[in-house]
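Worksheet: the structure to be examined is printed underneath.
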Amino acid sequence: MVRVSVLADALKTMYNAERRGKRQVLIRPCSKVVIKFLQVMMKHGYIGEFEMIDDHRAGKIVVELNGRLNKCGIISPRYDLSHDQIEDWVGRLLPSRLFGKIVLTTSCGIMDHEEARRKKVGGKVLGFFY
333 MVRVSVLADA LKTMYNAERR GKRQVLIRPC SKVVIKFLQV MMKHGYIGEF
383 EMIDDHRAGK IVVELNGRLN KCGIISPRYD LSHDQIEDWV GRLLPSRLFG
433 KIVLTTSCGI MDHEEARRKK VGGKVLGFFY
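Laid out in structure tokens, this is it:
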């Protein structure tokens with residue numbers, strides 16, 4: 333079976349391990365997009381540290397879970413949105429305006445929706461977590 337989305341598999345693996353009460357989870361394969369997404373999650377305290385393991389193939393990541401992750405997922409297809417449409421997507425995806433983050437890929441890199449709103453940049457929606 334072919335793997336359609338590495339990011340979707342990584343987030344689903346983390347979500348399932350979090351629901352089962354695991355303290356850490358092994359994600360494979362890894363990609364640059366997965367690493368950047370995990371860095372955004374770690375910056376906001378939804379996961380602990382993560383460590384990349386180079387196995388001379390696609391690589392693996394061991395993520396420390398801290399119990400704060402309620403739901404995470406991707407948005408497929410990666411819809412375009414401008415900086416003035418961010419508020420509509422926040423209302424559509426997140427349970428509250430003050431709770432959770434939407435991750436965007438922009439011309440300034442991968443960032444959450446609040447940073448994109450501050451920089452007044454749009455981009456494509458990668459996913460969300462809360």
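Sequential numbering from 333 applies to the sequence shown in the working numbering.
A virtual CB, placed ideally from N, CA and C, is assigned to each residue, including glycine.
1. D341 lies in the beta strand (DSSP E); which residues open and close that run?
2. Excluding five sequence neighbours on each side, which residues of the same chain lie with their C-beta closer than 6 Å to the C-beta of L339?
3. Do the stretch 369-382 and the stretch 415-427 make contact, defined as three or more Cβ pairs closer than 8 Å?
4. According to DSSP, which residues form a beta bridge with W422?
5. For V457, which of helix, strand or coil comes out of DSSP?
6. Is it right to say F431 is buried, meaning 16 or more other beta carbons lie within 10 angstroms of its own, or is it exposed?
7. If we ignore side chains and look at the alpha-carbon of each, how far apart do V394 and M373 end up?
So, to answer that:
1. It is not in any beta strand (DSSP E) - D341 instead sits in the alpha helix (DSSP H) that spans 338-352.
2. V365, V366, I406
3. no
4. The residue asked about is misnamed: residue 422 is Val in this sequence, not Trp. V422 pairs with nothing; no bridge assigned.
5. strand
6. exposed
7. 14 Å
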